[in-house]
Amino acid sequence: MTHFFKRPFGSQRRDLPFAGLTSSRSSRELVRSTDRDAPFFRGLEEQGLFLNAAQIQAVRHGEGPLLTLAGAGSGKTSVLVSRSGHLIAAGGADPGSILLVTFSSKAAAEMKERIRALPGIRNREAEQVTARTFHSFFLYILRTRGYRQEILSNTRHQQFIVKRILREMGLADRYEAETLLSLWSAYRLNMAGLDELPASTPAEVETRQVFARYETWKEEHGQMDFDDILVWAHRLLQNDQPLLHSLQRRFRYVMVDEFQDTGLLPYELIRMLVKPHRNLMVVGDDDQTIYSFNGARHEFILHFDQAFPGARVITLDINYRSLSSIVGLGNEIIQHNQLRRPKTLQSTRKSDQVPLYLRPNDPDEEASLLLSSIQESVNENRRPYGDYCILYRTSHNSRAIFEQLVLAGLPFIHYEQNDLFYEQWMVKPVMEHLRLSLDRRNFQALGGILPTLYINRERGMEHILQQDTPRPKKGPLSHLLTFPGLKDFQIEQVRERSKLIKSLKLMEPAEAIREIRVRFYDKFMEADRGKDLTLHKEFIQEGLDELEASAKRFKDIPSFLAFVDALIEVHGDMMHRKKDEHADAIKLMTIHKSKGLEFPVVCLIGASDGILPHTSALQAAQRDDSRPLTAREQKGDEALEEERRLAYVAVTRARDELIISSPGYYRGRKMEVSRFLQSVFHIKAQPESGDGRTGSGGPAASDGAGRRWALQRTDAAAPAAGRRGAKPAGRGAAQASTAPVTPQRAPAEPVRAWVCSGAGCRGWQRMDHPAGPSSAAVPAGSKACPLCGAPMQAGMKQAPAAGRRPPG
């Protein structure tokens with residue numbers, strides 16, 4: 001059965017988007033031997049670097065402001081490095097007068113090494129060039145003026161400090177330390193101090209008090225965080241004019257990389273440095289501005305030539321990274337944005353492949369089909385695991401793919417800084433209620449639910465333990481009925497919660513989660529003023545909906561919790577694998593995390609409206625076209641354009657192959673193909689299916705056991721095939737015209753496996769699963785099925801044969 005197509009579902013377009021192929025003219029033809037700087041370019045050519053016409057213009061730029069618009073894969077680092085060398089070797093500039101500023105220490109070190117290797121540049125000259133991150137450079141300035149504070153660089157240490165402040169203020173159950181630190185950082189990078197913060201609501205007053213105490217703690221302990229570096233440097237340069245003039249005289253040529261990611265404070269610092277001479281070269285791509293939540297300001301790159309009148313603008317529009325079919329798709333996605341500088345990228349690589357599209361029924365089937373395809377490719381020795389990167393919009397969207405990778409035993413690295421989904425702050429209290437339903441004396445889980453009763457966690461647990469030690473109870477939660485100072489409504493809540501926890505045990509997990517949400521949890525989250533400061537209600541709703549969707553696959557709470565505990569353990573082991581940059585493993589990361597990277601194969605999952613673009617952006621962009629645009633609606637349009645830039649960034653990470661998947665249903669709701677693909681392929685929105693759960697799977701509907709190669713799911717969890725309301729594979733003329741691509745199935749071979757003994761459950765797991773023990777290490781019947789919890793027994797199963805090609 002066909003799964004992958006050359007056009008997304010519903011396409012009305014007959015042709016495919018391709019980028020134009022550029023001419024092969026380079027510096028070898030464009031720089032004449034009689035040119036004064038010809039020796040420098042001949043030296044670059046001897047090193048294998050042949051610059052195109054636009055790159056040569058940027059490298060030769062001398063005095064004055066220059067905006068270099070560097071499209072995806074256009075060789076911006078080569079331009080920055082080569083211009084530095086050209087200024088020294090051909091322009092006679094003092095190497096010590098050159099300042100290169102970027103956002104990562106790795107990029108700064110790479111530039112320094114490449115400058116050292118340039119033709120005509122001596123080691124001593126390369127050493128004199130300053131190549132640093134924003135923070136490193138301005139910390140150096142602070143150190144020269146006697147600032148000796150230690151750097152508070154450990155994020156967990158910062159969170160610990162704020163958590164302690166919250167406990168001292170009695171606010172530990174109402175605010176997340178990570179959220180407050182992000183909020184305070186955003187204020188500071190937008191040049192707002194404590195006195196400028198809003199204080200019109202109780203929550204705003206409380207957060208301002210937390211920030212003030214955090215600042216006092218740093219001062220008393222001789223510490224500074226990364227934001228302090230820029231804030232203090234700005235204050236220093238404003239107050240120390242001789243120092244500012246000295247820096248302005250020294251650094252005559254300033255270059256800034258990734259300029260589209262610049263926030264207000266870094267931008268103002270750079271403006272101060274270049275004010276007298278205006279010799280500022282910035283390199284960036286307005287189509288890749290995706291960090292507005294971190295303070296990046298799109299207008300700085302869009303209005304550069306207004307802020308610096310007379311600025312030259314050069315566009316690097318040749319993509320050296322990707323096939324022309326991938327570049328062409330990126331071009332047609334991003335051209336629908338209005339707030340951008342027009343540019344159309346060309347490619348140097350003729351396409352022998354085109355992007356492929358997948359329309360699975362839901363994220364679980366999406367994961368099954370993608371991993372099956374990856375495994376077949378590896379089995380046929382066409383690609384290693386390490387060639388693949390799976391990208392997604394938010395961490396919630398990785399739940400299904402993460403779980404199936406774990407169960408399949410495939411090597412992968414999850415590039416997430418946050419906790420596993422089931423341990424996130426909005427999900428964990430629900431999980432704790434499920435744990436208590438099985439063991440009401442689980443004191444760790446008990447402490448986790450106290451904030452939902454508006455009881456301080458530490459004081460509440462102290463009271464419970466004091467009361468329980470002399471007279472233990474089956475349900476120690478009831479000790480709270482004697483907790484001093486409890487109001488009548490809280491006493492009633494404790495009684496109701498005890499009853500609810502008892503009743504959950506007999507429910508299916510999804511039913512239990514729904515009951516928790518309906519009875520109190522959704523209202524609790526909506527009423528939590530602290531969380532509301534920086535997190536959209538849509539984000540919270542999304543997380544809880546995803547939890548429900550995950551739980552639907554399980555028949556009882558013990559099996560669900562056993563499954564979650566196994567995932568938590570594997571997630572902990574993942575931290576060790578991250579340290580090996582060359583590990584042969586599939587990469588999982590958000591699109592934001594992938595910025596600046598490239599991969600042989602990219603699988604973009606969740607390319608459906610409501611996922612990418614995200615629901616919050618769609619709701620913000622809704623408006624009444626009959627009246628003038630309001631400021632809020634304009635902000636909504638900007639949010640939607642940033643979502644489109646995210647899609648563009650995801651597409652342009654791929655070098656050779658690109659797969660885009662658009663689930664038809666997400667958490668029970670019908671999803672159209674992403675509007676970013678609709679606009680490219682002239683797709684009209686499809687009518688709602690009558691079933692309400694299935695029917696949009698189409699050609700991606702499961703073809704049975706042969707495709708689900710590592711874990712056979714229960715009937716209740718199976719994708720479209722065999723489920724009520726599923727449509728047949730054909731979806732009419734629109735899809736039939738999309739030139740299907742049929743991956744051949746790898747031959748099967750018998751493998752040793754753990755096989756579930758539970759009635760009706762088809763769960764099984766290979767014995768070579770890295771997270772699980774071998775048969776010799778586990779007595780028969782003592783290993784639990786991760787799906788239903790029933791005992792698993794040693795047996796045999798059919799699985800794709802490793803290293804063999806399919807017949808024909």
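So in full-length UniProt numbering, the last one in the sequence shown is 808, and the numbering has no gaps at all.
Idealized CB from N, CA, C, for every residue including glycine.
As the structure is a computational prediction, the values presented were derived from the model and not from experiment.
DSSP bridge partner residues for residue i (one or two, in chain order)
i: Leu100; result: Ala131 and Met255
i: Glu196; result: Glu196 is not bridged to any residue.
i: Trp754; result: Gln765 and Ala794
i: Ser661; result: Leu358
i: Gln346; result: Ile318
i: Leu281; result: Just to set this straight, residue 281 is Met in the shown sequence, not Leu. Answer by DSSP bridge pairing, in chain order: Leu66 and Met255.
Cβ-based neighbour list, residue i, same chain, cut-off 8 Å, excluding 5 preceding and 5 following
i: Ala117; result: Gln47
i: Pro429; result: Gly448, Ile449, Pro451, Thr452 and Tyr521
i: Pro384; result: Val378 and Asp584
i: Tyr140; result: Arg132
Residue interval of the alpha helix (DSSP H) (run including residue i)
i: Asp261; result: Careful: Asp261 lies outside any alpha helix (DSSP H) and carries neither H nor E.
i: Leu506; result: No alpha helix (DSSP H) holds Leu506; DSSP gives it neither H nor E.
i: Leu189; result: Ala177 to Leu189
i: Asn381; result: Per DSSP, Asn381 belongs to no alpha helix (DSSP H) and is neither H nor E.
i: Phe44; result: The question names Phe, yet the displayed sequence has Leu at residue 44. Per DSSP, Leu44 belongs to the alpha helix (DSSP H) from Ala38 to Glu46.
i: Asp305; result: Phe304 to Ala307
i: Gly460; result: Arg457 to Asp468
i: Met431; result: Lys428 to Leu438
i: Val406; result: Arg399 to Ala408
i: Ile165; result: Thr155 to Glu168
i: Thr77; result: Lys76 to Ala89
Other residues of its chain near residue i: CB distance less than 6 Å, five sequence neighbours each side excluded
i: Leu66; result: Met281 and Arg312
i: Lys783; result: Trp754 and Met792
i: Phe676; result: Ile333, Arg644 and Ala647
i: Phe226; result: His135
i: Ala771; result: Note that Ala771 scores a pLDDT of 40, beneath 50, so its modelled location is shaky; the value from the coordinates is reported in the next line. Cβ neighbours of Ala771 beyond the five flanking positions: Val570.
i: Leu237; result: Leu244 and Met272
Buried or exposed by the 16-neighbour rule on C-beta atoms within 10 Å, applied to residue i
i: Thr130; result: buried
i: Ile151; result: exposed
i: Asn239; result: exposed
i: His614; result: buried
i: Ala717; result: The predicted position of Ala717 is uncertain, since its pLDDT is 32 and thus under 50; a value taken from the coordinates is nonetheless stated next. Buried, since its Cβ has 16 or more Cβ neighbours within 10 Å.
i: Glu196; result: exposed
i: Asp488; result: exposed
i: Pro276; result: exposed
i: Lys555; result: buried
i: residue 810; result: Residue 810 lies beyond the stretch modelled for the chain, which goes from 1 to 808, so this question has no answer here.
i: Val680; result: buried
i: Glu366; result: buried
i: Gly193; result: exposed
i: Val518; result: exposed
i: His479; result: buried
Closest residue to residue i among the options (Cα-Cα distance)
i: Gly20; options: Asn331, Leu561 and Arg393; result: Asn331
i: His3; options: Ser368, Ile540 and Tyr214; result: Ser368
i: Ala109; options: Ala126, Lys552 and Arg122; result: Ala126
i: Ser246; options: Ser97, Lys473, Glu641 and Val494; result: Ser97
i: Gly10; options: Ala794, Gln765 and Gln678; result: Gln678
i: Ser26; options: Met224, Gln12, Gln55 and Val570; result: Gln55
i: Gly485; options: Phe300, Asp94, His463 and Arg143; result: His463
i: Thr68; options: Arg145, Ile318, Arg471 and Asn397; result: Ile318
i: Arg145; options: Thr216, Leu302 and Trp232; result: Trp232
i: Tyr253; options: Ile270, Gln260, Thr262 and Asp261; result: Ile270
First and last residue of the uninterrupted beta strand (DSSP E) at residue i
i: Pro202; result: No beta strand (DSSP E) contains Pro202, which is instead part of the alpha helix (DSSP H) from Pro202 to Glu220.
i: Met589; result: Ile586 to Thr590
i: His414; result: Phe412 to His414
i: Pro600; result: Phe599 to Leu604
i: Leu391; result: Tyr388 to Tyr392
Other residues of its chain near residue i: CB distance less than 7 Å, five sequence neighbours each side excluded
i: Gly690; result: Any reading at Gly690 must be qualified, since the residue scores a pLDDT of 38, below 50, and its modelled position is unreliable; the value itself is stated next. Excluding sequence neighbours, Gly690 sits near nothing in its chain.
i: Leu547; result: Val427, Val430 and Ile513
i: Val59; result: Leu51, Val79, Ser82, Arg83 and His86
i: Gly596; result: none
i: Leu30; result: Ala53 and Ile56
i: Phe18; result: Ser324, Ser325, Gly328 and Ser351
i: Leu166; result: Ala172, Tyr175, Ala177 and Val210
Residue i Cβ short of 7 Å to the ligand PLP heavy atom set
i: Ser97; result: In terms of ligand content, the structure shown is empty, and the ligand PLP therefore cannot be addressed.
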